[in-house]
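One rule links them: number in the numbering used here = place in the sequence shown (from 1) + 42.
C-beta: ideal position from N, C-alpha, C; glycine also.
Note that this is a predicted model, so its numbers are computed, not measured.
Have a look at the structure below, then the notes.
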Amino acid sequence: MHLTRIWRDHVAAGYSSKLAGVEIAGSDARALDEEITACVSAYVCRCMAVDERIERRLIEISRALADKQAHSDETIAAYCASLNELVIAVLAESRSTQSRKESTWRAT
């Protein structure tokens, strides 16, 4: 699973101290990283489904990450790109799962 690989790579990379004090999507970068990591972890472990509220928050975060990436130095831009890859992957995976469920429901 593409999402699982990206999630593991992100967790293994750790958190850079150069991000201290950086705010993204209304949150401190560390808190945002923890929020996304917890969300992806719960999704990958099948403890959580991505509902409309979570999807809206992830889309908001993705847009904020893209904006921050475009207006930041290399270190912060690379972090934003990596974290956004994770956000986009969980959105894509959840949409794919939802589409499969809807197709199965229609077929029955």
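Going by beta carbons, Val86 and Leu133 fall outside the 9 Å limit. The alpha-carbon of Glu102 is positioned some 17 Å away from that of Arg72. One alpha carbon belongs to Asp70, the other to Ala55, and they sit about 18 Å apart. Counting C-beta atoms within 10 angstroms of its own C-beta, His113 has fewer than 16 neighbours from the protein chains shown and is therefore classed as exposed. When the five nearest sequence neighbours on each side are left out, the beta carbons in the same chain lying within less than 7 Å of the beta carbon of Ala131 are those of His44, Leu45 and Ile48, in order along the chain. Contact check for Leu61 against Ala67 fails: the beta carbons are separated by 9 Å or more. Contact check for Leu100 against His52 fails: the beta carbons are separated by 9 Å or more. DSSP, reduced to helix, strand and coil, places Ser59 within a helical segment of the structure shown.
From the listed residues Leu107, Cys81 and Ala108, the smallest Cα separation to Arg95 is found for Cys81.
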